[in-house]
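A.B. asks: In the order they appear, the protein sequences are chains F and X.
Residue 104 in our numbering sits at position 74 of the first sequence; the count goes up by one each step and never skips.
Residue 33 in our numbering sits at position 1 of the second sequence; the count goes up by one each step and never skips.
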Amino acid sequence: MSTRWSRKDLLGLRELSAEEINFILETTDAFKQVGTREIKKVPALRGKTLVNFFIEPSTRTRTSFELAAFRLSADVINISATTSSLTKGETLKDTARNLEALHADILVLRHSSAGAPQFLGNRLKASVINAGDGAHEHPTQALLDLYTIREKRGKIAGLHVVIIGDILFSRVARSNIFGLVKLGARVTLVGPSTLVPREFEKLGVEVSHKIDNVLPNADVVNLLRIQHERQRKEYFPGIGEYTRFFGLTKERAKLLKADCLIMHPGPINRGVEIDSEVADGLQSVILDQVTNGLAVRMAVLYLCGGIATA
Amino acid sequence: MKQRKQNSSAAVPIMDAEAIRRALQRIAHEIIERNPQLAQVVLAGIPSRGVEIAKRIADFIRGIEKIDIDTGIIDVAMHRDDVGTRPELPVVRASKLPVPLEERTVIIVDDVLYTGRTVRAAMDAINSFGRPAQIQLAALIDRGHRELPIRADYVGKNLPTAANEKVRVRIGSINEPDGVWLIKE
Chain F
31 MSTRWSRKDL LGLRELSAEE INFILETTDA FKQVGTREIK KVPALRGKTL VNFFIEPSTR
91 TRTSFELAAF RLSADVINIS ATTSSLTKGE TLKDTARNLE ALHADILVLR HSSAGAPQFL
151 GNRLKASVIN AGDGAHEHPT QALLDLYTIR EKRGKIAGLH VVIIGDILFS RVARSNIFGL
211 VKLGARVTLV GPSTLVPREF EKLGVEVSHK IDNVLPNADV VNLLRIQHER QRKEYFPGIG
271 EYTRFFGLTK ERAKLLKADC LIMHPGPINR GVEIDSEVAD GLQSVILDQV TNGLAVRMAV
331 LYLCGGIATA
Chain X
33 MKQRKQNSSA AVPIMDAEAI RRALQRIAHE IIERNPQLAQ VVLAGIPSRG VEIAKRIADF
93 IRGIEKIDID TGIIDVAMHR DDVGTRPELP VVRASKLPVP LEERTVIIVD DVLYTGRTVR
153 AAMDAINSFG RPAQIQLAAL IDRGHRELPI RADYVGKNLP TAANEKVRVR IGSINEPDGV
213 WLIKE
């Protein structure tokens, strides 16, 4: 029984083949089952050390990786921007080399600069997992989205997936686009033209600025959070206007097919990109995404961590 | 395992389909004899051939005793003690066992019993589902060379081997007949 996996790092979905993505999803099935056992812990990464290195703030991704590592019996250290020596002027490479000198086996990195995980992955023996780098990629989020779609609809190929919101600044959107296109889904991006420029068509997706035309033939709607913290004023006039044109309101949700899935990577801004009734409604799989995120991260840590030390 | 390599190594036939059928039928009888509370028995196959062997034994028990016993799948990849020391990572598959396991007798089913390390990993995996009353072990082939204090309760065939030999088992293939071969390198 050999694997179809040979990478020590997970940097993005752009570089993965459809077969590799499917292999991660199949491995995730096995780890999702562990969550239903009486003892939800397996010894797969016993004795390994994982460093959660988060230069940008994050709660759910970091805790999800942390819990995934615990369930695989790895030891975990958390380092955030404020507690690291980066604030004392140490370079990223020096900090990482220090971590390696402590024999860290897996480095989970969130960084505001695109390419930071690749930079470290090329230089370190340790396995590097990208937990979000700038506006570049967030591969584990896209993998858990793909897994959730596959779980709920039984397939991905041929489905029409509509991604709505701040595409330009979204690493989640980018990773989702790479993964969905490789697995044969039809993808439409929706949002104001400032945040969803036509350039994205080069990635093999459709672009629309009129949400009401797209919703009736969607199989999956993935809503992205409007990132106030990244947004500059010139991109759109205001939150109220965004909701009026692109928010998934109660009324707009009636346009959707009855079996259309509603997804959101979280944290959700209730009343902005999605109404409360819709977020908590029957079509919403937002909490399934959180559960599946744990299983996906266990699979990724097992595969990359196992390869790095082999 | 599905393709037979045509190189210098010699494959000596050990069991044909009929011999395997008879061995599994005998194991079914032994399980019935050893376990008066047959309804409490769970046959847990180790992927992939152990799962097929467990299914066949369950079929024989159904034929003899008219009782459907539970079967399950117990994946050992994430419970192995050698992750990171082997050149290739074992594929993990989802386990499936009926719960709760308390009061049940779980019989681990595998194709070849060798060092015993796989069985140890399987026992760890079973314990993470609960605490069965008893764990037993059935193997189609026992080839010896144990590295742990583990012994099978039910054996299809004892096969003395050298450490540099390999045992190939084919069972449940769509195109080709079942069989067991000893491969001398």
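Glycine included, every Cβ here is placed at the ideal spot set by N, Cα and C.
From a predicted model like this one, the values you see are computed outputs, not experimental measurements.
Should F/Leu-286 be labelled buried (16 or more other beta-carbon atoms within 10 Å of its own) or exposed?
C.D. replies: buried
A.B. asks: Can you tell me whether F/Asn-243 is buried or exposed, with buried defined as 16 or more other CB within 10 angstroms of its CB?
C.D. replies: The residue is exposed, with fewer than 16 neighbouring Cβ atoms inside 10 Å.
A.B. asks: Is the segment 183–201 of chain F in contact with the segment 217–224 of chain F, if contact means three or more CB pairs nearer than 8 Å?
C.D. replies: yes
A.B. asks: Thinking just about the alpha-carbon of each residue, which of X/Val-187, X/Ile-182, X/Pro-181, X/Gly-176 is nearest to the one in X/Glu-196?
C.D. replies: First, the residue type needs correcting, since residue 196 of chain X is Asn and not Glu in the sequence shown. Minimum Cα distance to X/Asn-196 is reached at X/Gly-176.
A.B. asks: Could you check the C-alpha separation between X/Ala-42 and X/Asn-190 for me, to the nearest Å?
C.D. replies: 20 Å
A.B. asks: Check X/Asn-67 in the structure and name its three-state DSSP category.
C.D. replies: X/Asn-67: coil per DSSP, three-state reduction.
A.B. asks: Under 9 Å between beta-carbons, which chain X residues line up against F/Ala-60? List them in chain order, please.
C.D. replies: Asp-107, Ala-109, Met-110, Val-123, Val-124, Arg-125, Ala-126, Ser-127
A.B. asks: Taking the alpha-carbon of F/Pro-295 as reference, which of F/Ser-110, F/Ala-309, F/Gly-164, F/Asp-289 has the nearest alpha-carbon?
C.D. replies: Out of F/Ser-110, F/Ala-309, F/Gly-164, F/Asp-289, F/Ala-309 has the C-alpha closest to the C-alpha of F/Pro-295.
A.B. asks: In terms of alpha-carbon separation, which member of F/Ala-60, F/Leu-137, F/Phe-149 lies closest to X/Val-106?
C.D. replies: What sits at residue 106 of chain X in the sequence shown is Ile, not Val. Closest option to X/Ile-106, Cα to Cα, is F/Ala-60.
A.B. asks: To the nearest angstrom, report how far apart X/Ala-194 and X/Ile-139 are at their CA atoms.
C.D. replies: 28 Å
A.B. asks: Any idea what DSSP makes of F/Ser-94, helix, strand or coil?
C.D. replies: helix
A.B. asks: Taking 8 Å as the CB-CB cut-off, is X/Lys-37 touching chain F?
C.D. replies: A caution first: X/Lys-37 carries a pLDDT of 49, below 50, which makes its placement in the model too unreliable to give a value.
A.B. asks: Measure how close the beta-carbons of F/Phe-53 and F/Arg-34 come, nearest whole angstrom, since I'm counting them as under 8 Å.
C.D. replies: The Cβ separation is near 5 Å, so the contact holds.
A.B. asks: Which residue comes first and which comes last in the beta strand (DSSP E) that contains F/Ser-110?
C.D. replies: 105–110
A.B. asks: By alpha-carbon positions, which one of X/Asp-156, X/Pro-122, X/Ile-215, X/Ala-171 ends up nearest to X/Leu-75?
C.D. replies: X/Ala-171
A.B. asks: Does X/Ser-205 come within less than 8 Å of chain F when only Cβ atoms are used?
C.D. replies: no
A.B. asks: Would X/Gly-162 pass as an interface residue toward chain F - the criterion being a Cβ-Cβ separation below 8 Å?
C.D. replies: Interface flag for X/Gly-162 against chain F is set, since a Cβ pair is found closer than 8 Å.
A.B. asks: With a threshold of 8 Å between beta-carbons, can F/Ala-74 be considered close to chain X, or not?
C.D. replies: For F/Ala-74, the answer is yes, since a Cβ of chain X falls inside 8 Å of its Cβ.
A.B. asks: Using a Cβ-Cβ distance under 8 Å, would F/Glu-181 count as near chain X?
C.D. replies: no
A.B. asks: Whose Cβ in chain X lies nearer than 7 Å to the Cβ of F/Glu-96?
C.D. replies: Under the 7 Å cutoff, chain X gives no residues; its nearest Cβ is about 18 Å from F/Glu-96.
A.B. asks: From the beta carbon of F/Thr-341, is the nearest beta carbon of chain X less than 8 Å away?
C.D. replies: Nothing can be reported for residue 341 of chain F, as the shown portion of chain F is limited to 31 through 340.
A.B. asks: Restricting to runs no shorter than 3 residues, where is the beta strand (DSSP E) found entirely within the segment 206–239 of chain F?
C.D. replies: 216–220, 236–238
A.B. asks: One question on the structure: do F/Gly-335 and F/Ser-157 come within less than 8 Å of each other, judged by their Cβ atoms?
C.D. replies: The answer is yes: Cβ separation under 8 Å.
A.B. asks: With F/Asn-128 and F/Val-106 assumed to form a contact (beta carbons below 8 Å), what rounded beta-carbon distance in angstroms separates them?
C.D. replies: Not confirmed; about 17 Å, so no contact.
A.B. asks: Please confirm whether X/Ala-55 and X/Gly-211 have their CB atoms less than 8 Å apart.
C.D. replies: no
A.B. asks: Mind checking if F/Gln-319 is an interface residue toward chain X, Cβ cutoff 8 Å exclusive?
C.D. replies: no
A.B. asks: What residue from X/Gln-168, X/Val-187, X/Ile-89, X/Pro-192 has the CA that sits closest to X/Met-155's CA?
C.D. replies: X/Gln-168
A.B. asks: Give the interface partners of F/Arg-67 over in chain X, defined as CB-CB distance under 7 Å, in chain order.
C.D. replies: Here the neighbours are Ser-160, Phe-161.
A.B. asks: With DSSP as the reference, label X/Leu-91 as helix, strand or coil.
C.D. replies: For clarity, residue 91 of chain X is Asp in the given sequence; the question names Leu instead. In the structure shown, the three-state DSSP call for X/Asp-91 is helix.
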